[in-house]
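Structure record follows, encoded as structure tokens.
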Amino acid sequence: MRLHRLDVTAFGPFGASQGVDFDDLSAAGLFLLHGPTGAGKTSVLDAVCYALYGSVPGARQSGQGMSLRSDHAAVGTRTEVRLELTVAGRRLEVTRQPPWERPKLRGKGTTVDKAQTWLREYDAGAGTWKDLSRSHQEVGEEITQLLGMSREQFCQVVLLPQGDFARFLRADAEARGKLLGRLFDTRRFADVEKRLAERRRTTEAQVREGDATLLADAHRMQQAAGDAMELPELSPGEPGLAEAVLTAAAVARSTARELLAVADCRLTATESAQAAAERDLAGARELNRLQRRFAQARERAARLAERADAHRAAQKRMERARKAEAVAPALELRDAADAEHRRAAAAEERARALLPQDLADAGAAGLAAAARRAAEELGGLDSARRAEQRLGELVEERSRLDRQERADEDVLHEAETWLADWEATRTGLRADVDSAQEAATRAEQLAVQRDPAQRRLNAARQRDQYAADTEETQRHALVSAAHAVEARAHWLDLKEQRLNGIAAELAEGLTEGAPCAVCGATEHPAPARRIAGHVDREAEEQALAAYQDADERRADAERRLGTVREALAAATAEAGDAPTARLAEEAGELERRYARARASASGLHTAQEELRRAEHEREQRIAAQQQAAVRAASRVGNRERLESERTALEEELTRARGNADSVAARAAQLERRAARLTEAADTARVAEDTAQRLKDADARLADAAFRAGFDTPRDAAAALLDDAAHRELQRRLDAWDLEEAAVRAVLTEADTAAAAQQPPADLAAAEHTAADAGRRLRDASSARDAAARRCAELDRLSAHAATSVRRLAPLREEHGRVARLANLAAGTSADNERRMRLESYVLAARLEQVAAAATARLQRMSSGRYTLVHSDDRTGRGRSGLGLHVVDAWTGRERDTATLSGGETFFASLALALGLADVVTDEAGGVRLDTLFIDEGFGSLDDQTLDEVLDVLDSLRERDRSVGIVSHVADLRRRIHAQLEVVKGRSGSVLRQRGAD
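Written as structure tokens, this is what we have:
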């Protein structure tokens, strides 16, 4: 990696833009970066780091880039860092702008612009820069991949902070480990240690969990076995727990099987005793049943004897009921005839009550004859009813003619009134149509004039605007031209001053014995010296650049002036010289006239429709007049015909109504009379018929009762039973027969009679004996089941425990293996004699490489006296692996680096930093580092040691490296010609660069 150029703007202490040409500084191999305290020497290195990684080293990085902005910068100047470098054979340019809080473009207050990043690559073939990316992430990944180093590694390898390495020399093993871990990124080895420790804890937890489950099974086995099992006094995770649990389980299973055998023998004996007791109980229960059965039969026979008289009476009652059933049909017929006769007599009485007095006592034949006469008279009224209905229709038709006549009169009057105004109405409507047509014609004419007037008005407004712009642009062009003239005069003045002092500039490059570039002489007795106010090349180039910028602005202003003048001429040609206000007034008046014409023309269609509707209405009203006249003529004949027909009908109805109000009332009277007479005649005939049937039924009933053996029909009716009484009596008779048969059967049974001859059965004693035998059997069975369950549960738990032990065996083995590896990697194992952690072991190897690389330079700086060596010895009770000692060749003894003096510590730390840079470079993939910076520490060296250190640094040029030294030492400004000076002032710091010439 080689740096070419760095440009910073508003960064750190630099308020304005500053540039560093590293190619010029690196030409001599060594260059000095110096300046007073607080001027900003470290800010130059911060800018390099920020350009590459987007952040600055250490504690200076805060505020997400907001603190990088210079307090001396102008409000409108944005912070920017641009670095041009070559890495991995590619020439790149990185530009970064941190977040910027700037004033808002509109309104008050400030706003924050986001950070910006650009990455470009120089294309040597095309001679141009090519954009690669504008993404922060992509640019960061690309730079990190090309350099092969993180920001921390870059700051330790390229920006060598001597104070850090001095502390590194005196630090303990833990502090050295932290620094080396950041540089060599050994986090993966620490992650391996953590992973092993986590795996050890995980497997240990799994083993403990498995042992806890095993102990839980053991506790359950103890509960199942009772006092026959003793648990081992071991905790989860202790060795031998599984074997102890399995042994105790085997003993418990053997004891449980012995107890099961004893319980089986006891159960067999109790089963035999219980069977004998059950047989005795069954015999006693059967004897007790038979004895109770015989006693109950004797009691039932006594009760039957007590009810014998009632049974014989019920039998006689059933016999009379069966005889009466033969008379029942005649009784039913007589009752039906009697009921029918009663209903007919009542109906006849109700019908005769409605008849006139003269017909109340008439017979059925007389009532029928009177009914026929009333019906004949009712039939003669049909013609009168039709005449009465027709008379009502005639009245309605006469009313309809009257209504039609009034309606036609209204139509005629309205039509005459409307038609009287028709001429005036038609004239007004035609005037509206003509007016709307004229307005439409005017609107078309005005529409043609609108667009030219509007274009001319717009052109006039542009003409006025361009006229104002022309004055402003012309003023700006004059100012730009004046600035260009002043810048050119300033540049020519500086150029003339530089030419006047060019001899001093050339004299600075003279070397004793080398020929002069002007005269060729090798001796330079009186070289020219710079005078106060000397103008160098950079000042002249800046003045030239300022002149070129001013001239470009002048040309731009003149081009803008020409453009504005062309636009003004075009607008003037379009608008003419008329004032804009007058053109606006004319255009407005034209628009108003056009709007009025459009509004008037919009009523054309409405006016035409109104005229068409009026003409159509006139035709309708004329037709209505004609139709009304026709209807009036036809109504005269209709009235005469209706009047003659009405007179004839009224005469006919007068004759038909008689003394009734109407024909309908007379017809209703006759209908009611005929209906009543007919009903009375019918009911009289029905009453006569039912009386005869009742007489016949009485005769048949008397005959049936006599044949059935009853004295009178009343006796036969009393002997009858209804269905419910008959069923109840039959049930009682059947129950008596069944009970008598059942008692007789029980009393004749041989076993029942034999049991009655024996002593009473002692059922309570037999039940008590059987209950005792059953209880003993249940106890024995429960004991046997409990013993069987105990054996089964112990077998199941033992099998589960054995399975758990087999399943845990690989996990126990893995836990032992992982625990040994974790302890070994953590340095706590007895096998790790030096108690060295895995990460420390790797860092020890790296430290050994660093010590070897540093010794090559340390021996040269110390004239072969000191050598750095790595030590694995333990310090006190701590761990070993990161010890660092120095071997003194003068004494031949090895001692701690903390015993070195201040100057010795400086060049030892410098050698260590350079060695570390070589090792980290190789670790990062061999990326070549052509530019290094060394920060402070040279003030602690004497002249001889300083010369030796500078020789070592100067030797880096053999590898085409350039080394920048950051120091306050004044003697270095004399020894190192290529210098970059940081000068601080009230308006911010500035950079002054001097090459090796």
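Going by numbering that gives the first Met the number 0, the sequence shown opens with residue 0, and the numbers climb by one from there. Backbone N, C-alpha and C define an ideal beta-carbon position, used for all residues, glycine too.
Closer than 7 Å by C-beta to Arg455: which residues in its own chain qualify, once you throw out the five before and the five after it? Chain order, please. As a position in the sequence shown, residue 455 is number 456, starting the count at 1. Cβ within range, chain order: Glu573, Ala574, Leu582.
Write down every uninterrupted run of the alpha helix (DSSP H) in the stretch 675-735 whose length is 4 residues or greater and which is fully enclosed by it, in chain order. 712-718
Looking at the unbroken alpha helix (DSSP H) that takes in Lys315, where does it start and where does it end? Reading the sequence shown from its first residue, position 316 is the one you call residue 315. 307-323 is the extent of the alpha helix (DSSP H) around Lys315.
Which one of Gln96, Arg105, Glu92 has the shortest CA to CA distance from Lys129? As a working note, residue 129 is residue 130 in the sequence shown. Nearest C-alpha to Lys129: Glu92.
Cβ contact (3+ pairs, closer than 8 Å) linking the stretch 717-735 and the stretch 316-323: yes
Closer than 8 Å is the cut-off here; do at least three beta carbon pairs connect the stretch 142-156 with the stretch 100-108? no
Consult DSSP for Gln115 and reduce its assignment to one of helix, strand or coil. For this step, residue 115 is matched to residue 116 along the sequence shown. Reduced to three states, the DSSP call for Gln115 is strand.
Contact under 7 Å by Cβ, Val1029 with Ala46: With the chain represented from 0 up to 996, any question about residue 1029 goes unanswered, as that position is not in the structure.
Answer yes or no: do Ala606 and Ala442 have a C-beta to C-beta separation smaller than 7 Å? Within the sequence shown, the letter at position 607 stands for residue 606. Within the sequence shown, the letter at position 443 stands for residue 442. No, the pair does not count as a contact, with Cβ atoms beyond the cut-off.
What is the C-beta distance between Leu807 and Gly209, in whole angstroms, given that I count them as a contact (C-beta under 8 Å)? For the purposes of this step, residue 807 is taken as residue 808 along the sequence shown, with counting starting at 1. For the purposes of this step, residue 209 is taken as residue 210 along the sequence shown, with counting starting at 1. Indeed they touch by this definition, with Cβ atoms about 4 Å apart.
What residue range does the alpha helix (DSSP H) around Lys193 cover? The residue labelled residue 193 in the question sits at position 194 within the sequence shown. That run of the alpha helix (DSSP H) goes 186-224.
Mapping the DSSP letters down to three states, classify Val55 as helix, strand or coil. If you number the sequence shown from 1, residue 55 lands on position 56. Coil at Val55, not helix or strand.
Own chain residues within Cβ distance below 7 Å of Ala755, not counting five before or after: To locate residue 755, count along the sequence shown from 1; it is residue 756. Result list for Ala755: Gln290, Phe293, in chain order.
Proximity below 7 Å, CB of Thr469 to CB of Leu603: Within the sequence shown, residue 469 is the residue found at index 470, counting from 1. Within the sequence shown, residue 603 is the residue found at index 604, counting from 1. Cβ distance not < 7 Å, so Thr469 and Leu603 don't count as in contact.
Residue(s) in a DSSP beta bridge with Thr85: Numbered from its first residue, the sequence shown carries residue 85 at position 86. Partner(s): Arg1, Arg90.
On a Cα-Cα basis, can you pick out the residue from Val80, Arg284, Glu257, Leu5 that is closest to Ala787? For this step, residue 787 is matched to residue 788 along the sequence shown. Closest by alpha carbon: Glu257.
Buried/exposed call for Gln978, threshold 16 Cβ in 10 Å: Along the sequence shown, read from residue 1 onward, the residue named residue 978 stands at position 979. Result: buried.
Do Ala272 and Ala772 come within 7 Å of each other at the CB atom, strictly closer than that value? Taking the sequence shown and counting its residues from 1, the one referred to as residue 772 is at position 773. Taking the sequence shown and counting its residues from 1, the one referred to as residue 272 is at position 273. Yes, Cβ-Cβ distance for Ala772 and Ala272 is below 7 Å.
Cβ pair Ala545, Ser479 closer than 7 Å: For this step, residue 545 is matched to residue 546 along the sequence shown. For this step, residue 479 is matched to residue 480 along the sequence shown. Not in contact: Ala545 and Ser479 (Cβ atoms no closer than 7 Å).
According to DSSP, simplified to helix, strand and coil, what is Thr424? Walking along the sequence shown from the start, residue 424 turns up at place 425. Here Thr424 sits in helix by DSSP.
Per DSSP, what kind of secondary structure is Gln757 in: helix, strand or coil? As a position in the sequence shown, residue 757 is number 758, starting the count at 1. Note: Gln757 maps to coil in three-state DSSP.
Taking the beta strand (DSSP E) that Ile975 falls in, what are its first and last residues? Translated into positions along the sequence shown, residue 975 becomes position 976. No beta strand (DSSP E) contains Ile975, which DSSP labels as neither H nor E.
Straight-line CA distance for Leu543 to His489? To locate residue 543, count along the sequence shown from 1; it is residue 544. To locate residue 489, count along the sequence shown from 1; it is residue 490. Taking the straight line joining both Cα atoms gives about 9 Å.
Ignore the nearest five residues each way along the sequence and tell me which others in Asp784's own chain have a CB closer than 6 Å to its CB. In the sequence shown, residue 784 corresponds to position 785, counting from 1. Same-chain partners within the cutoff: there are none.
The stretch 327-346 / the stretch 684-693 touching (three or more Cβ pairs under 8 Å): yes
Assuming Leu857 contacts Ala907 under a Cβ cut-off of 8 Å, what Cβ separation, rounded to an integer in Å, is found between them? As a position in the sequence shown, residue 857 is number 858, starting the count at 1. As a position in the sequence shown, residue 907 is number 908, starting the count at 1. Right, their Cβ atoms sit about 6 Å apart.
Could you give the residue range of the alpha helix (DSSP H) that holds His884? To locate residue 884, count along the sequence shown from 1; it is residue 885. From DSSP, His884 is part of no alpha helix (DSSP H) but of the beta strand (DSSP E) over 882-887.
Below 8 Å on the Cβ atoms is my contact criterion, and I expect Pro12 with Gly987 to pass it. Report the Cβ-Cβ distance as a whole number of Å. On the sequence shown, position 13 is the one that residue 12 refers to. On the sequence shown, position 988 is the one that residue 987 refers to. Contact flag correct, Cβ pair sits at about 6 Å.
Taking Cβ positions, are Arg9 and Arg68 nearer each other than 7 Å? Counting from 1 along the sequence shown, the entry for residue 9 is found at position 10. Counting from 1 along the sequence shown, the entry for residue 68 is found at position 69. With the sequence shown as reference, residue 9 is identified as Ala, and Arg is not the correct amino acid for it. In contact: Ala9 and Arg68 (Cβ atoms closer than 7 Å).
Measuring only the C-alpha atoms, how far is Arg198 from Ala189? Here the question's residue 198 lines up with position 199 in the sequence shown. Here the question's residue 189 lines up with position 190 in the sequence shown. Straight-line Cα distance between these residues: approximately 14 Å.
What residue range is occupied by the uninterrupted alpha helix (DSSP H) comprising Thr571? The residue you call residue 571 lines up with position 572 of the sequence shown. Segment 536-574, the alpha helix (DSSP H) holding Thr571.
Alpha carbons only, please: which of Gln205, Thr212, Ala204, Ala247 is nearest the one belonging to Gly225? Counting from 1 along the sequence shown, the entry for residue 225 is found at position 226. Of Gln205, Thr212, Ala204, Ala247, the residue nearest in Cα terms is Ala247.
Could you tell me whether the stretch 689-709 touches the stretch 304-314, using the rule of 3 or more Cβ pairs below 8 Å? no
Counting along the chain, where does the beta strand (DSSP E) carrying His135 start and finish? Taking the sequence shown and counting its residues from 1, the one referred to as residue 135 is at position 136. No beta strand (DSSP E) contains His135, which is instead part of the alpha helix (DSSP H) from 135-146.
Please classify Lys1030: is it buried, with 16 or more other beta-carbons within 10 angstroms of its beta-carbon, or exposed? In this structure the chain extends from 0 to 996, so residue 1030 is not present and cannot be described.
To the nearest angstrom, how far is the alpha carbon of Arg592 from that of Asp450? Numbered from its first residue, the sequence shown carries residue 592 at position 593. Numbered from its first residue, the sequence shown carries residue 450 at position 451. So the two alpha carbons sit approximately 14 Å from each other.
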